[in-house]
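Data first, discussion second: the structure below is written as structure tokens.
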Amino acid sequence: MAGNTPDSGVISTLRGIIEDQLSRGSDSLCLSYLDLDHAEWEELPLILLEHHMRVKNIRCCDLGGNSFGKPQGTCDHKNLEFLTESIGMMHSLEELDLRDNKLLSDGAKKVLKALSETCASTLSTLDMSENMIRDTGVAALSRANLPYIRTLNLIANFITPRGAAALKEFLEYNGQNLHKLYLDNNPLGNEGVRILCHLLEEYGHSLEEIHLGDVMLEDAGCKWLGKFLHSTSRPLKALNLSVNRIGPKGLRTLLRNVQPGMRSLDIGGNPLGDDGTATLARLLHKLNAVKVIDMTCTGMGNEGALSLLNALTRCTSYASLHIDGNLIDDHIGVMLVEWKTQAPGVNNMPTTIQRGKIFLEDARQCVVDCLQDTLDFMQYKPVLSALVVFTASYTGWKVWSKCRC
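Quick note on numbering: numbering that gives the first Met the number 0 labels position 275 of the sequence shown as 274, and the sequence is numbered without any gaps.
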């Protein structure tokens, strides 16, 4: 009907953007953040259909930031139909960016269904960040037939421990291919990280990067992540744990279990303080291949900064250190950032005495952590606590009695 026909000038804008990219022989299509309304997006599948011979060979498509799931101020989900219909024409798609599209769980289900029917054998990178797909959307992802995903981005989707558990089927069939997993800004908590690490131990044998920034991870949850780091047959290249609640104890647990080969470590935004910085300094030799360390806003003071500087002078691999937002004096900050030029000619390997000090301090911290864990455990086990005290007292009395004789 003529009354429903979108303005030709508006259509030519979208048409012009698409045809300009296709005419250059590019196998990529970028339509992100176009700020188009429902009438304009209605033409998307029609325009793509006209160029179906080229569209079917598109390998990379960026459709981020277009609110396909729920247009602002309406309850009309027609745009989602236009999206799934358009995806259905891209049979060679390898990379798809759908970030910030308000898909929600229902929209995610429809999109994933379209992908599994169209490009399951080619799709390797999927970005569904900032869509609030929640746990049910993750479950839909696990049920979808997408066995060759190498990079999966699920940042800011309100995924809880239940959603982490829902990843089991996806990891079971795709774990051998998955290289990068982004789960930042989701309320996983210690329990969600525990579930995830258990699954990764079993299925994530090819994982190279894991991003768990702002997931409410605490020291108690670090033991599960440490266990995964220790057991993985393929050492991680990048680990992002920024903006969590990790303290010195949690950092010790992680660094003791890191395998050689990690190149990037982001622990910024955690309450590490000088004690945590000293822990990093003592165990810096475990990160012998790291090129970038982010310690932004960790509460590091002058004491911690100097201990880290002393440790850095024994290492040559580090190329970049981020320390913005800490509690250190300017001149110490300059020394720390420019440590390579500040301490030329310093021996790059710790001496025997230095190694001994590092070993003894780490052993002391191990004993402290073990005692604290025991006390925490006993606090909620009064009967067991009484039994341990009785056994210890009885054993001590027997030893004392024999000594008297």
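We treat Cβ as the ideally placed atom computed from N, Cα and C, and that holds for glycine.
Owing to the predicted nature of the structure, the values given are computational and were not obtained by experimental measurement.
Considering only their Cβ atoms, is the gap separating residue j from residue i smaller than 8 Å?
i: ASN130; j: GLY188; result: no
i: LEU279; j: LEU305; result: no
i: THR276; j: LEU307; result: yes
i: ARG53; j: LEU21; result: yes
i: SER205; j: GLN175; result: yes
i: ALA237; j: ARG262; result: yes
i: ASN156; j: ILE194; result: no
i: LEU33; j: CYS60; result: no
i: ASP329; j: ASN301; result: no
i: CYS196; j: PHE169; result: no
i: LEU235; j: GLU190; result: no
Buried or exposed for residue i, please, with buried defined as at least 16 other CB atoms from any protein chain shown within 10 angstroms of its CB.
i: ASN144; result: exposed
i: GLY15; result: exposed
i: GLY106; result: buried
i: ALA318; result: exposed
i: LEU77; result: For clarity, residue 77 is Lys in the given sequence; the question names Leu instead. By the 10 Å Cβ count, LYS77 comes out exposed.
i: ILE17; result: buried
i: GLU171; result: exposed
i: ASP96; result: buried
i: GLU42; result: buried
i: THR390; result: exposed
i: SER230; result: exposed
i: VAL333; result: exposed
i: THR394; result: exposed
i: ASP19; result: exposed
i: PRO44; result: buried
i: ASN346; result: Note that ASN346 scores a pLDDT of 41, beneath 50, so its modelled location is shaky; the value from the coordinates is reported in the next line. Exposed, since its Cβ has fewer than 16 Cβ neighbours within 10 Å.
i: HIS210; result: buried
i: GLY303; result: buried
Take residue i as the anchor and find which of the options has the nearest alpha-carbon.
i: ALA38; options: LEU13, LEU21, CYS29; result: LEU13
i: GLU337; options: SER205, ARG53, THR312; result: THR312
i: GLY87; options: ALA119, GLY64, ASN100, SER128; result: ALA119
i: LEU166; options: ASN185, ASP183, VAL137; result: VAL137
i: VAL214; options: LYS248, HIS178, THR135, THR159; result: THR159
i: ALA288; options: ARG133, TRP40, GLU171, PRO259; result: PRO259
i: ILE148; options: ARG161, ASP126, GLY162, LEU195; result: ASP126
i: HIS321; options: MET299, ASN309, LEU45; result: MET299
i: LEU216; options: GLU171, ILE266, SER232, LEU180; result: ILE266
i: PRO247; options: LEU240, LEU264, LYS222, ASP274; result: ASP274
i: GLU200; options: ARG233, ASP218, ASN185, ILE331; result: ARG233
i: ASN243; options: LEU228, PRO270, HIS229; result: PRO270
i: GLU49; options: ASP328, ARG23, SER85; result: SER85
i: THR117; options: LEU111, ASN184, HIS90; result: HIS90
i: GLY291; options: ASN173, ASN239, LEU228, ILE46; result: Here residue 291 is Val; the residue named in the question, Gly, does not match the sequence. That would be ASN239, whose Cα lies nearest to the Cα of VAL291.
i: LYS55; options: SER66, LEU28, GLU80; result: LEU28
i: THR297; options: ILE245, LEU47, LEU79, TRP40; result: ILE245
i: THR124; options: GLU80, LEU79, ALA164, ASN173; result: ASN173
i: TRP223; options: TRP40, LEU253, HIS210; result: LEU253
i: GLY268; options: ASP293, ILE154, VAL257, HIS51; result: ASP293
i: PRO186; options: SER66, HIS178, ILE154, ILE209; result: ILE154
i: VAL110; options: LEU47, GLU94, GLU80; result: GLU80
i: SER128; options: ILE331, SER66, ALA310; result: SER66
Measure how close the beta-carbons of residue i and residue j come, nearest whole angstrom, since I'm counting them as under 8 Å.
i: LEU30; j: LEU82; result: With 8 Å as the limit, LEU30 and LEU82 do not qualify as a contact, their Cβ atoms being about 10 Å apart.
i: GLY272; j: THR295; result: The Cβ separation is near 14 Å, so there is no contact.
i: GLY220; j: VAL192; result: 5 Å
i: ASP99; j: GLY64; result: 5 Å
i: LEU283; j: CYS314; result: 6 Å
i: LEU180; j: LEU198; result: At roughly 11 Å, the Cβ-Cβ gap does not stay under 8 Å, so LEU180 and LEU198 are not in contact.
i: LEU114; j: LEU122; result: 6 Å
i: ALA139; j: LYS108; result: 4 Å
i: GLU183; j: GLY162; result: Per the sequence presented here, residue 183 reads as Asp, with Glu not at that position. Not a contact, Cβ separation roughly 14 Å.
i: GLY212; j: SER241; result: 4 Å
State yes or no: is the C-beta of residue i nearer than 7 Å to some heavy atom of the ligand GDP?
i: LEU28; result: Among the ligands in the structure shown, none appear at all, so the ligand GDP cannot be discussed.
- prompt: Whole beta strand (DSSP E) runs in the stretch 212-257 with 3 or more residues, listed along the chain?
  reply: 237-239
message: Report the start-end ranges of each beta strand (DSSP E) in the stretch 106-187 that is 3 residues or longer and not cut off at the edges.
response: 124-126, 150-152, 179-181
Whole runs of the beta strand (DSSP E) within the stretch 25-103, excluding any shorter than 3 residues: 27-29, 59-61, 94-96
Completely contained alpha helix (DSSP H) runs for the stretch 301-335, where each covers 4 or more residues: 301-311
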